[in-house]
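Quick mapping for you: the protein sequence lines, in order, are chains A and Y.
According to UniProt numbering, the first sequence is numbered sequentially starting from 1.
According to UniProt numbering, the second sequence is numbered sequentially starting from 1.
Think of the CB as a built atom: it goes at the ideal place given N, C-alpha and C, for glycine as much as any other residue.
I have placed the structure first, in the form of structure tokens, so that the comments after it can refer back to it.
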Amino acid sequence: MTDSKYFSTQRKGEIYELKAELNSDKRERKKEALKKVIASMTVGKDVSQLFPDVINCMQIDNLELKKLVYLYLMNYAKTQPEMAILAVNTFAKDCNDPSPLIRALAVRTMGCIRVEKITEHLCEPLRKCLKDEDPYVRKTAAVCVAKLYDINQQLVFDQGFLDLLKDLLSDSNPMVVANAVAALSEISEQSPQIQVFDLNGPTVNKLLTALNECSEWGQVFILDTIANYPPKDDKDAQSICERITPRLAHANSAVVLSTVKVLMKFLELIDPNSEFVQNLYRKLAPPLVTLLSTEPEIQYVALRNINLIVQKRSDILKNEMKVFFVKYNDPIYVKLEKLDIMIRLTNSNNIAQVLAELKEYATEVDVDFVRKAVRAIGRCAIKVEPAAERCVNTLIDLIQTKVNYVVQEAIVVIKDIFRKYPNKYESIIAILCENLDSLDEPEARASMIWIVGEYAERIDNADELLEGFLDGFKDENNQVQLQLLTAIVKLFLKKPTETQELVTKVLTLVTQETDNPDLRDRGYIYWRLLSTDPKAAKEVVLAEKPLISEETDLLEPTLLDELICHIGSLASVYHKPPNTFVEGRFIMKKKLPFRTGIHHEYEDITTMQTNQQQQQQQVVISSNVGSLIDDFDILGPMSNTSSTTMNTFEHTQQQTSSAIPNLLDDELSSILGLDSNVGGHQTPMMNTNTSLPINRLTTSTGNDLDDLFGDINLHTGPSSISFSSPNTLVLPKEIWVSAQKGKGLEISGTFARRNNQIVMEMDFTNKALQSMNDFALQLNRNSFGLTPLQPLQILNPLFPNQTIPIQLILNANGPIMKMDPLTNLQIAIKNNIDIFYFNCIVPIHILFVHNGEIDKMTFLQTWQDIPENNEIKYQLQNINNLSIDDLQNKLRLNNIHTITRTIIEQKEMLYQTIKLTNGIFILIELKITPGNRTIAFSLKTKVPDVANLIIQAYELILSSN
Amino acid sequence: MIHSLFIINGSGDVFMEKHWKTVVGKSICDYFFEAQSKCANSEDVPPVIATPHHYLINIFRNSLYFVAVLTNEIAPLFVIEFLHRIMDVFEDYFGECTETSLKDNYVIVYELLDEMLDSGLPLATETNILKELIKPPNIFRKVANLVTGDNTNISNTLPSSQLSNIPWRRMGVKYTNNEAYFDLIEEIDAIIDRNGTTIMCEIQGYIDCCVKLSGMPDLTLSFVNPRLLDDVSFHPCVRLKKWESERVLSFIPPDGNFRLISYHIGSQNTISIPIYVKHNIQFREGSNGRFELTVGPKQTMGKTLESVVIECAMPKSVLNCTLTPTQGKSTFDPVKKNLVWDIGKIESNTQNTTRLPSLRGNIVLSTGQPIPESNPILNVRFTLNQIAISGIRVQRVDMHGEKYKPFKGVKYITTVKKGRFQIRT
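This is the structure:
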């Protein structure tokens with residue numbers, strides 16, 4: 001008696017029979033009927049008509065029956081929401097059942113029913129279950145929060161489930177902790193803008209403790225979460241690494257790979273020459289190798305990741321070449337990946353072995369694989385110079401097999417070898433020419449034509465060969481046509497006497513009989529060049545070509561770094577950042593942490609990055625809540641999609657660097673052909689041309705503003721500085737937008753610090769003839785994350801010649817983008833007439849926070865921790881000849897705190913601290929010689945970028961009255 | 001998270017589907033079928049397939065595809081491991097994981113899938129726990145159910161071990177005979193080139209245990225030469241810290257069968273291969289091709305090579321082979337072009353080369369076909385009992401925490417996984 005009989009019920013009237021059986025009095029018959037219903041559901045048949053009958057079975061107190069009913073409910077509740085309500089009572093009852101199994105089952109099933117009316121009733125039972133005495137129920141409930149979030153995010157916030165879930169992170173049972181982490185990760189996966197985890201030292205500690213005891217799946221979630229934690233310093237990173245390294249020996253490959261991810265990320269923070277790192281390298285290799293003796297699917301994912309790891313830290317696997325040798329019965333996707341990694345690991349020590357393998361592969365049956373193997377030989381030749389000759393000989397051997405696709409691939413790679421080692425292997429051209437007729441793929445034909453054109457002077461019958469190609473010109477692929485044109489022009493420049501006829505023929509052909517604009521344009525360029533200045537033509541067409549690089553197919557470094565942060569994820573399989581393939585979702589860009597002490601200039605970017613994650617989240621929360629930022633909609637598309645546009649903005653900026661070479665390549669090759677990376681003088685010209693539009697795009701606002709600023713500086717010289725309040729130094733208002741630029745709107749403004757808040761104070765003056773309304777303001781992302789606390793509110797229209805003062809409180813937890821100078825702030829103001837963009841400088845002392853005092857010991861410690869070369873010295877002038885007390889007071893008003901004051905060698909020493917809104921501390925030592933107006937100023941901070949700004953702030957404060 | 005699971009058989013029928021969240025239409029599988037149609041072999045389907053709205057991650061095992069549907073970014077290995085785990089559990093429950101066995105037990109299959117994953121998060125994946133929640137089918141229980149009229153395979157109690165710190169072991173285990181068996185199995189993974197030089201040789205080793213001990217035994221297993229093991233992965237029960245510090249395996253075992261440790265010995269270590277094959281294969285026009293193989297033992301330390309099989313995938317142009325073995329039997333499948341020579345045992349003292357098993361004869365090529373350029377690859381399989389080829393030996397197994405004296409046994413096997421020992425000719 002097996003269950004397969006349930007599958008055979010496919011008769012007419014079956015539903016009615018089932019209905020009758022479900023309503024039968026006998027429990028056995030009911031169960032049989034239910035099983036049949038579930039079976040039909042399993043195979044995708046529609047049994048939703050039976051909904052009421054199945055619901056009726058729910059009352060019965062039998063666990064198996066209950067489970068079956070629940071299964072059915074999960075599937076069909078959505079289609080019959082009205083009926084599903086009937087089940088609510090039973091759920092509520094089950095949630096109070098004495099058996100934890102039933103309690104858990106009930107809350108679990110309720111979470112799976114995506115019907116709003118049921119969800120409402122879920123909250124109370126769920127809250128109870130989250131605090132249930134039985135850990136089995138708690139861990140089930142934790143997952144249920146994630147389900148609820150999927151259905152109704154607002155409800156989760158309103159009911160405070162998120163906090164209850166966070167409390168579970170400290171649960172005594174590791175399984176509960178693991179599930180809480182899993183649920184939280186799922187929530188943060190759905191809404192990356194929300195700060196789900198408070199990832200700090202203690203939380204991570206809790207996670208690390210739970211890691212040892214929870215299930216393997218929980219370990220994956222915990223490790224993935226830890227990977228997002230920014231360690232405080234190298235010691236912190238090192239201790240976490242030490243605690244998770246034993247996970248490398250776990251039998252579950254997902255655990256292993258997640259561990260690898262955390263290690264790869266935290267390794268960035270640790271001194272690469274330390275013994276610890278070397279040890280870790282040794283420990284990392286074996287588990288990666290082990291992944292390759294598992295199921296092919298796991299091998300595939302592992303290989304894609306190893307590919308990244310090898311590019312980032314090739315030392316880890318440098319001795320493991322052999323495990324990447326290909327077995328003939330590996331699935332093709334494994335073979336291709338192994339081959340790729342083999343090439344990456346090739347060096348002069350193992351080239352012989354690799355080459356022998358590759359030659360072996362080139363005789364296999366699988367065409368794709370063979371092609372790739374042949375290409376690999378070429379890549380070896382380019383990468384390992386001493387072995388180039390051996391590689392070339394191998395390729396020649398392969399060409400002599402006359403296997404069509406092998407020959408074609410070989411010719412394509414030989415072209416690259418010629419490029420890399422010019423004038424070295426040209427003796428083999430004759431052999432290549434023998435195979436001319438067998439080439440039928442465009443790439444191989446184009447490569448062959450390139451070779452003939454490039455070495456036309458050594459090939460006696462070059463003109464005949466090219467003429468042969470020319471006969472079928474119109475049927476050729478575009479790539480081949482372009483190549484052929486260039487090759488013939490080259491030939492003409494080398495042997496002008498014999499080939500005049502040929503070149504005329506090809507030029508006529510491409511300019512008069514072709515529809516392809518690229519081809520035609522290139523034809524015209526050549527024609528013009530040849531007819532006006534043959535010498536120039538020679539310089540352009542026969543120019544020295546730049547050498548091709550050794551490593552091919554490398555990922556761009558920033559992309560690689562980002563992918564390293566995504567080891568083990570889909571991104572690592574596709575080798576693309578997640579935002580390029582996860583649709584409609586805002587994904588936080590992950591960056592590798594930087595090591596302190598070496599990359600000073602990056603330091604603040606990383607801290608900002610982490611800040612940014614928090615900040616951005618807040619912005620979007622409020623828009624989810626749907627109130628605060630709604631007013632911003634008046635700003636039109638810009639504000640609506642502010643985060644995304646800025647994101648893309650940043651993205652384009654980032655990509656410009658990588659895009660330029662591509663553009664250049666395309667551009668060039670479309671004009672001058674594959675071979676025409678025309679060396680020195682031509683390249684920069686193309687470069688500027690292609691990058692120009694992008695520059696214009698990104699700096700357009702800046703340029704206008706520069707002009708504007710020039711004006712302002714004329715009007716308000718540095719002498720006009722004055723105080724408007726006894727508190728923090730406030731600079732007088734400057735004109736930010738002149739009436740001329742602002743189409744009648746004049747804006748002047750300044751920044752102040754009042755009640756420990758940053759206030760942007762502006763005067764709006766209407767100098768036009770009509771009234772203005774619909775004002776809105778937006779700040780671009782900036783170095784310190786300044787964003788308005790509230791939207792700009794101007795209720796009444798601004799009438800002609802009216803001036804209104806505006807105070808806008810800013811907070812410093814918005815999205816961050818490094819500006820140059822750091823204190824630059826880009827502002828957009830909109831009214832009913834237009835949108836105006838302008839820049840202004842936020843005086844840095846506005847950003848000093850009041851609680852920047854630290855105790856003496858910490859000061860001393862921090863001072864010593866910051867390396868000597870971060871110290872910046874300067875001579876300050878005490879212009880107003882302030883007494884030391886006055887000076888101290890004045891500085892204190894501006895949140896520059898004096899920690900201690902001593903006299904050393906008859907000099908007054910003041911030790912002061914400043915804390916910026918983003919948490920950066922600056923330590924200052926003032927050495928004042930009595931009677932001397934010059935103060936020796938020295939400054940230490942982990943972020944030297946701000947040093948000059950601080951000095952300016954000091955000068956400004958001291959010179960003020 | 002894992003959204004849905006489709007189980008697809010060799011002929012492309014979706015015969016089972018399970019949705020953990022909302023229902024995803026079967027049509028999503030069309031993307032999978034499209035990818036499948038581009039592949040020459042069933043095992044060549046890429047494991048990760050992107051579709052406009054979902055990702056499909058599939059595994060191929062026992063000629064079944066398990067296709068998981070995901071909606072968001074999740075570690076693919078997580079999914080792959082989980083799919084394999086599902087298969088493991090099915091095999092454990094039904095003895096095999098085939099279309100028939102799944103259909104025969106679809107209620108249990110459904111209950112299992114439901115218990116293993118909750119809205120995409122793995123719940124209980126240890127068979128020990130699952131078996132307490134959902135009883136596996138067996139004849140005995142069916143009879144008992146018939147007699148008592150009770151017909152349920154769901155337990156009414158919560159598995160006590162699920163929440164303990166040792167989730168892999170159930171409580172209150174009792175045996176009359178307490179015994180623990182350890183099988184140390186090593187699989188050789190090698191490529192030998194045509195001159196007999198070893199290009200690559202690695203060992204994948206496992207210790208598979210069958211532990212039937214009452215109560216909460218705490219076992220310690222130590223090796224004679226633990227330094228050989230530097231690349232290991234352990235069952236979660238093994239205390240990793242203890243291994244790091246003392247190089248002993250200390251653990252409270254799961255009940256029943258489980259894999260304690262798997263290890264990998266890489267090509268840096270010199271491994272002596274216990275078999276050699278002399279070959280002479282020449283393809284010529286018509287029926288003049290020659291084929292000659294001789295197999296012999298090498299450094300087997302007095303042990304007998306057992307179940308020796310040599311397989312050879314002939315090029316397409318081979319029409320037939322007429323071969324005579326001196327030992328065992330050979331068959332040639334003219335459709336699949338596959339030659340199998342089942343040799344059987346080779347005694348280690350067979351030093352006299354004339355008595356070594358050999359296979360000789362002619363190869364017939366189809367007329368008009370070109371002569372193959374390269375010789376075929378030989379796939380060798382064999383088993384060597386009572387020895388682990390790497391030299392690893394268990395020193396002792398101790399038990400603490402319980403009073404009784406268990407019976408302990410350790411067995412060594414060296415073998416070759418199909419297709420992992422290749423000789424190029």
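Hey, how far is the Cα of residue i from the Cα of residue j?
| i | j | result |
| --- | --- | --- |
| arginine 371 of chain A | lysine 402 of chain A | 14 angstroms |
| lysine 265 of chain A | phenylalanine 859 of chain A | 30 angstroms |
| histidine 250 of chain A | serine 215 of chain A | 11 angstroms |
| asparagine 756 of chain A | histidine 850 of chain A | 7 angstroms |
| isoleucine 118 of chain A | isoleucine 896 of chain A | 58 angstroms |
| phenylalanine 775 of chain A | leucine 792 of chain A | 7 angstroms |
| glutamine 369 of chain Y | leucine 398 of chain A | 20 angstroms |
| tyrosine 361 of chain A | tyrosine 405 of chain A | 14 angstroms |
| glutamate 498 of chain A | phenylalanine 492 of chain A | 8 angstroms |
| residue 963 of chain A | valine 143 of chain A | Residue 963 of chain A lies beyond the residue range present for chain A, which begins at 1 and ends at 961; the question has no answer from this structure. |
Using the DSSP secondary-structure output, state which residues sit across from residue i in a beta bridge.
| i | result |
| --- | --- |
| lysine 408 of chain Y | Y:Ala180 |
| proline 496 of chain A | For proline 496 of chain A, which the question treats as bridged, DSSP gives no partner whatsoever. |
| tyrosine 455 of chain A | Bridge partners of tyrosine 455 of chain A: none, in fact. |
| tryptophan 341 of chain Y | Y:Ile310, Y:Ser330 |
| isoleucine 188 of chain Y | Y:Ile203, Y:Val416 |
| methionine 448 of chain A | DSSP, once it has assigned bridges, lists no residue as partnering methionine 448 of chain A. |
| asparagine 58 of chain Y | Y:Val67 |
Mind reading off the beta-carbon distance from residue i to residue j? Whole number of angstroms is fine, and I expect it under 8 angstroms.
| i | j | result |
| --- | --- | --- |
| isoleucine 747 of chain A | methionine 762 of chain A | 6 angstroms |
| threonine 941 of chain A | asparagine 878 of chain A | Contact doesn't hold; Cβ gap of about 23 angstroms is too wide. |
| valine 364 of chain Y | serine 287 of chain Y | 4 angstroms |
| glycine 205 of chain Y | isoleucine 265 of chain Y | 7 angstroms |
| isoleucine 387 of chain Y | tyrosine 412 of chain Y | 5 angstroms |
Whose C-beta lies closer than 8 angstroms to the C-beta of residue i among residues of the same chain, with five residues either side of it excluded?
| i | result |
| --- | --- |
| glutamine 400 of chain A | Ile431 |
| glutamate 955 of chain A | Leu876, Gln877 |
| phenylalanine 709 of chain A | Note that phenylalanine 709 of chain A scores a pLDDT of 38, beneath 50, so its modelled location is shaky; the value from the coordinates is reported in the next line. Answer for phenylalanine 709 of chain A: Asn839, listed in chain order. |
| proline 406 of chain Y | Asn178, Glu179, Ala180, Leu213, Pro217, Met399 |
Enumerate in chain order the residues of its own chain whose CB-to-CB distance from residue i is below 6 angstroms, with the five nearest sequence positions on each side excluded.
| i | result |
| --- | --- |
| proline 797 of chain A | Ser771, Asn773 |
| lysine 241 of chain Y | none |
| proline 334 of chain Y | Asn320 |
| isoleucine 809 of chain A | Gln757, Val759, Leu789 |
Can you name, in chain order, every residue of its own chain whose Cβ lies under 7 angstroms from the Cβ of residue i, other than the five neighbours on each side?
| i | result |
| --- | --- |
| isoleucine 884 of chain A | Glu908, Ile928 |
| leucine 184 of chain A | Leu165, Val196, Phe197 |
| isoleucine 74 of chain Y | Met1 |
| aspartate 416 of chain A | Gly378, Ile382, Ile548 |
| lysine 19 of chain A | Leu50, Asp53 |
| valine 573 of chain A | Val301, Arg304 |
Taking 7 angstroms as the cut-off, is the beta-carbon of residue i closer than that to any non-hydrogen atom of the ligand GTP?
| i | result |
| --- | --- |
| valine 220 of chain A | The ligand GTP is not part of the structure shown, which contains no ligands of any sort. |
Members of the stretch 143 to 158 of chain A near chain Y, C-beta cut-off 9 angstroms: If the cut-off is 9 angstroms between Cβ atoms, the stretch 143 to 158 of chain A has Val143, Cys144, Ala146, Lys147, Asp150 near chain Y.
Cβ-based contacts, 8 angstroms cut-off: residues of the stretch 315 to 334 of chain A near chain Y: In summary, the residues of the stretch 315 to 334 of chain A whose CB is separated from some CB of chain Y by less than 8 angstroms are Asn319, Glu320, Lys322, Val323, Phe325, Lys327, Tyr328, Asn329, Pro331, Ile332, Tyr333, in the order they occur in the chain.
Interface positions of the stretch 242 to 268 of chain Y facing chain A (Cβ-Cβ less than 9 angstroms), listed along the chain: Trp243, Glu244, Arg259, Ile261, Ser262, Tyr263, His264, Gly266, Ser267, Gln268
Residues from the stretch 110 to 127 of chain A in contact with chain Y, defined by Cβ distance under 9 angstroms: Gly111, Cys112, Arg114
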